[in-house]
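Residue numbering for the sequence shown follows numbering that gives the first Met the number 0, starting at 0 and increasing by one per position. Everything below concerns the one structure shown next.
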Amino acid sequence: MRTTSTAARCLVALGAATALTLGGAALPASAAPAAPATTATATASSTASHANPGALAAITSLATERLALADKVAAAKYGTDAPIDDPAREKVILDDVAKRSADLGIDPEFAGAVFRDQIEANKVVQRGLYARWDAHPEQRPTERPDLATEVRPQLDRITTQLLDALREVAPTRTSPACGPLLTAVALRDAHARGFDALHLKGLARALPSVCAS
């Protein structure tokens with residue numbers, strides 16, 4: 000129930016930002032909705048002492064960075080036999096997260112849930128890009144990134160940093176401040192990256208397991 004309420008808050012806030020995009024066009028930082036963002040930031044600031052704002056900011060920053068890499072993953076796979084769903088690769092990632100989280104003193108179930116969300120969010124963006132490129136061939140990528148040498152090293156770095164952030168946020172993730180603050184910093188990072196409607200949808204999918212309140 001707690002996870003669902005947090006997911007709902009993220010979806011409502013990120014959905015409001017999505018509504019400001021036109022036909023999936025990027026939402027630049029300068030187009031951030033002043034009133035909603037200000038309200039969210041004020042709410043988060045008033046309760047930040049009960050959560051860990053630094054760790055939450057690190058989580059959303061890393062989640063948006065990881066989500067941006069979905070474009071390269073999609074470009075690498077599009078037009079090949081490589082599937083979007085890769086259960087074997089996902090198992091390797093989640094098994095590694097389970098071991099490393101236990102070593103770091105993080106609840107493996109919590110860490111696993113967050114990383115499963117990251118994986119599913121990445122697939123949301125990949126599927127959306129595939130549909131976009133199928134419908135608009137002129138937008139298809141002109142280069143194919145190398146997953147092994149270009150993309151996965153960045154994903155591995157993000158995994159390490161995200162685990163560190165989860166360790167910091169774990170003691171306060173049940174705070175009532177966690178959800179509002181998470182939403183505020185997620186919106187800020189999405190605006191900074193100019194996320195379009197598709198990437199905002201992915202970001203909403205990436206965050207529901209972070210807070211437990």
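We put the beta carbon where it would ideally sit given N, CA and C, even for glycine. Predicted model only: the values in this text are computed from it and were never measured.
Reduced DSSP secondary structure (H/G/I, E/B, other) of residue i
| i | result |
| --- | --- |
| residue 37 | Unreliable placement is indicated for residue 37, whose pLDDT of 46 sits below 50; the coordinate value is still reported in the next sentence. The answer is helix: DSSP assigns residue 37 an H, G or I state. |
| residue 177 | helix |
| residue 81 | coil |
| residue 211 | coil |
| residue 145 | coil |
| residue 187 | helix |
| residue 139 | coil |
| residue 192 | helix |
Selection from the options that minimises the alpha carbon distance to residue i
| i | options | result |
| --- | --- | --- |
| residue 148 | 64, 96 and 71 | 71 |
| residue 117 | 211, 209, 210 and 205 | 205 |
| residue 144 | 51, 52, 78 and 57 | 78 |
| residue 128 | 83, 146 and 160 | 83 |
| residue 157 | 68, 123 and 53 | 68 |
| residue 141 | 207, 57, 209 and 76 | 76 |
| residue 194 | 124, 181, 151 and 211 | 124 |
| residue 119 | 106, 138, 92 and 172 | 92 |
| residue 181 | 162, 208, 103 and 159 | 208 |
| residue 122 | 153, 85, 136 and 154 | 85 |
| residue 55 | 160, 137 and 89 | 160 |
| residue 215 | 211, 196 and 198 | Here the chain covers residues 0 to 212 and nothing more, so residue 215 does not appear. |
| residue 103 | 202, 51, 137 and 162 | 162 |
| residue 171 | 105, 134 and 132 | 105 |
| residue 114 | 150, 73, 126 and 58 | 58 |
| residue 73 | 146, 203, 154 and 202 | 146 |
Residue range of the alpha helix (DSSP H) that includes residue i
| i | result |
| --- | --- |
| residue 89 | 86-103 |
| residue 121 | 107-134 |
| residue 61 | 52-67 |
| residue 164 | 151-168 |
| residue 201 | 196-205 |
Three-pair Cβ contact test at 8 angstroms for the segment 53-63 versus the segment 176-191: yes
The segment 188-197 in contact with the segment 94-111 per 3-pair CB rule at 8 angstroms: no
The segment 101-117 / the segment 162-172 touching (three or more Cβ pairs under 8 angstroms): yes
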